[in-house]
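*Asks:* Quick one: this structure, given as structure tokens, is what I'll be asking you about.
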Amino acid sequence: MTATIFKLSEAVKQNYKLKRPLIDQFKTFSKRIKQSGHYISDTDALQWFLRKNDVYGFILYVGLTTENEMRVTMSVEKHRLVSNRKNLNKLNDQMECVKDAEKNNS
288 MTATIFKLSE
298 AVKQNYKLKR
308 PLIDQFKTFS
318 KRIKQSGHYI
328 SDTDALQWFL
338 RKNDVYGFIL
348 YVGLTTENEM
358 RVTMSVEKHR
368 LVSNRKNLNK
378 LNDQMECVKD
388 AEKNNS
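When you line the sequence shown up against my numbering, it's residues 288 to 393, in that order.
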């Protein structure tokens, strides 16, 4: 018998926003995987990228809201809502700092 990894009864639909510098980091991550000769869909790559950065859930929808922002709708376990939001905000903020530093060094 296998252990249950996700109970739908404990999940909610949640929207997350990824900002431009983080989107660029994801694109680089995905490109590296594909260059290694492994096929992976963009959605699977995004799922892997988010999990690697401690944002958990199952992707239901991905769409660009603006040129600089991507919306990801995920089915998320309720107990992960706060940590996901905190981790994603931290990632977006870190990427903004990197972008600002690069701009100032130019």
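For each residue, glycine too, the CB sits at the ideal point set by N, CA and C.
Given 8 Å as the limit, is there contact between the region 340-349 and the region 360-373, that is, 3 or more CB pairs closer than that?
*Replies:* yes
*Asks:* Assign N355 to buried or exposed, taking buried as 16 or more other Cβ atoms, counted over all protein chains shown, within 10 Å of its Cβ.
*Replies:* On the sequence shown, residue 355 is found 68 positions in, with the first residue counted as 1. It is exposed - the Cβ of N355 has fewer than 16 other Cβ atoms within 10 Å.
*Asks:* Excluding sequence positions up to five away, which residues of its chain have a Cβ less than 6 Å from the Cβ of T330?
*Replies:* For the purposes of this step, residue 330 is identified with residue 43 of the sequence shown, where counting begins at 1. Counting only Cβ-Cβ distances below 6 Å, and skipping sequence neighbours, we find I346.
*Asks:* Quick one: is V342 buried, meaning 16 or more other Cβ sit within 10 Å of its Cβ, or exposed?
*Replies:* The sequence position of residue 342 within the sequence shown is 55, counting from 1. By the neighbour-count rule (16 or more Cβ atoms within 10 Å), V342 is buried.
*Asks:* In this structure, does DSSP put N340 in helix, strand or coil?
*Replies:* Taking the first residue of the sequence shown as position 1, residue 340 is located at position 53. Looking at N340 - three-state DSSP - the assignment turns out to be coil, as it is neither helix nor strand.
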